[in-house]
Amino acid sequence: MKTGGTPRLKILVSNQKGGVGKSSLSANLAAYFAIERQMNTLLIDLDRQGTSSLWIRNAAPYERLKFDHASHLIQGANRLGIFNARCHIRDAANLHEVVITDVTWSPAVGYELLEIFDLWIIPTSLSELELLSTIALLGDLKPALERPRSPRLLITPNKIHPFQRKFDSMAAQRFPVPFLLTPPVLASKDFESLYQRDYIVSAGKDDVKQRFLTFCEAVWKASQISVFEAHTMRARSDWNAGAASAPPSALPEISRVPEMIKAGTPDETPL
Ligand SMILES: Nc1ncnc2c1ncn2[C@@H]1O[C@H](COP(=O)(O)OP(=O)(O)OP(=O)(O)O)[C@@H](O)[C@H]1O
Ligand SMILES: [Mg+2]
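In structure tokens:
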């Protein structure tokens, strides 16, 4: 939320890998802001297949939830396209409290687009292939992500099974840039059955909804952390099995991170 006056929140949901849950998280997070937080929310879908915009078109309408399928803006994959997309997202943010942009990352999307966002959510499974691909992507984008106006990076483990209680593979040391680890979004049949039809917050089973809300609240909380705090934070990987220990006193700045991730510790509840 970099603008003065009324705070606007601009969230990018993107990863270069397909099928990691970009559109599912975009549409359901948009529904969370519109329904649970009663915020005027726009989902901008920059992907050609229009998964998340179709989702909002098909589901029951909510006054505060709108979509915009705008993939044509970046079709040319040239600088003019990126400039247009930037202007489009900025203009949209003047009219909505929350703007969520769903796009498959490609080099054509461009560094320039990154800096207009407050948060960048990267969904990923715990598969080594997906993690390595994300680490490589972040390595390529390191110079852009180290700029003062870069978005706050949130990595979201998605499609997580209850038996996956160890998250050592997400250790911060493996990643070239600092990030916040959100509570995981668990693998759930609800995500599949409600796909492009309805939202977890309005039609999900109670336990699935509660868990998803934990993720959403962490995103909200991350958006409220001051720029100063965010720049001094470091991600932690010890959030499995409720083992998030107090941060070492030499690094007091990380104290909020375990708090955020502790809330999402998966348990043995079958899905
Ligand atoms: N938490 C989850 N639990 C179970 N299934 C999930 C979950 N998240 C996503 N999925 C499933 O994974 C598949 C891909 O999801 P989605 O379309 O959101 O991914 P994507 O990253 O947007 O894909 P694409 O690269 O095609 O745009 C869908 O079948 C969806 O139902
Ligand atoms: Mg998609």
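FYI, in the working numbering the residues of the sequence shown are 1 to 271. Every residue gets a Cβ at the ideal spot worked out from N, C-alpha and C, and that includes glycine. Source: prediction; values computed, not measured.
A direct Cα-to-Cα measurement between D207 and E97 gives close to 28 Å. With 6 Å as the limit, the residues whose C-beta approaches a heavy atom of ligand 1 more closely than that are G18, G19, V20, G21, K22, S23, S24, D47, T51, T104, N158, K159, V185, A187, S188, F191, E192, Y195, in chain order. Excluding residues up to 5 positions away in sequence, V177 lie with their Cβ nearer than 6 Å to the Cβ of L145 in the same chain.
Taking C-beta atoms under 8 Å as the contact rule, A108 and V99 fail to qualify, at a distance of about 21 Å.
Looking at the DSSP output, S14 sits in a beta bridge with V103.
The beta carbon of D102 sits closer than 7 Å to at least one heavy atom of ligand 2. D206: not part of any beta strand (DSSP E); member of the alpha helix (DSSP H) spanning 206–224, first to last residue. Annotation for P184: no beta strand (DSSP E) segment contains it, and DSSP assigns it neither H nor E. Put simply, the backbone Cα of A218 is about 32 Å away from that of G81.
About 7 Å separates the Cβ atoms of Q16 and S106, confirming a contact at the 8 Å cut-off.
Contact holds between the region 128–148 and the region 162–177, because three or more Cβ pairs, one in each stretch, are under 8 Å apart.
In the three-state scheme derived from DSSP, where H, G and I count as helix and E and B as strand, L29 is classed as helix. For H72, the closest C-alpha among the options D47, I225, A31 is that of D47. The Cβ neighbour count for L95, taken over all protein chains shown within 10 Å, is under 16; the residue is labelled exposed. In this structure, S169 is the residue among S169, A27, N78, L113 with its C-alpha nearest to the C-alpha of L181.
Taking a cut-off of 8 Å on C-beta distances, the region 56–69 touches the region 13–32, as three or more cross pairs fall below it.
Per DSSP, P143 is one residue of the alpha helix (DSSP H) stretching across 128–145.
Under the three-state reduction of DSSP output, I82 falls in the helix class. The beta carbon of K10 sits closer than 7 Å to the beta carbons of I89, A93, V99, I116, F117, D118 from its chain, once the five residues preceding and following it are set aside; these are given in chain order. C-alpha of R197 to C-alpha of T104: approximately 21 Å in a straight line.
The beta carbon of I160 is closer than 8 Å to those of S125, L126, P184, V185, L186, A187, P266 in its chain, skipping five residues each way along the sequence.
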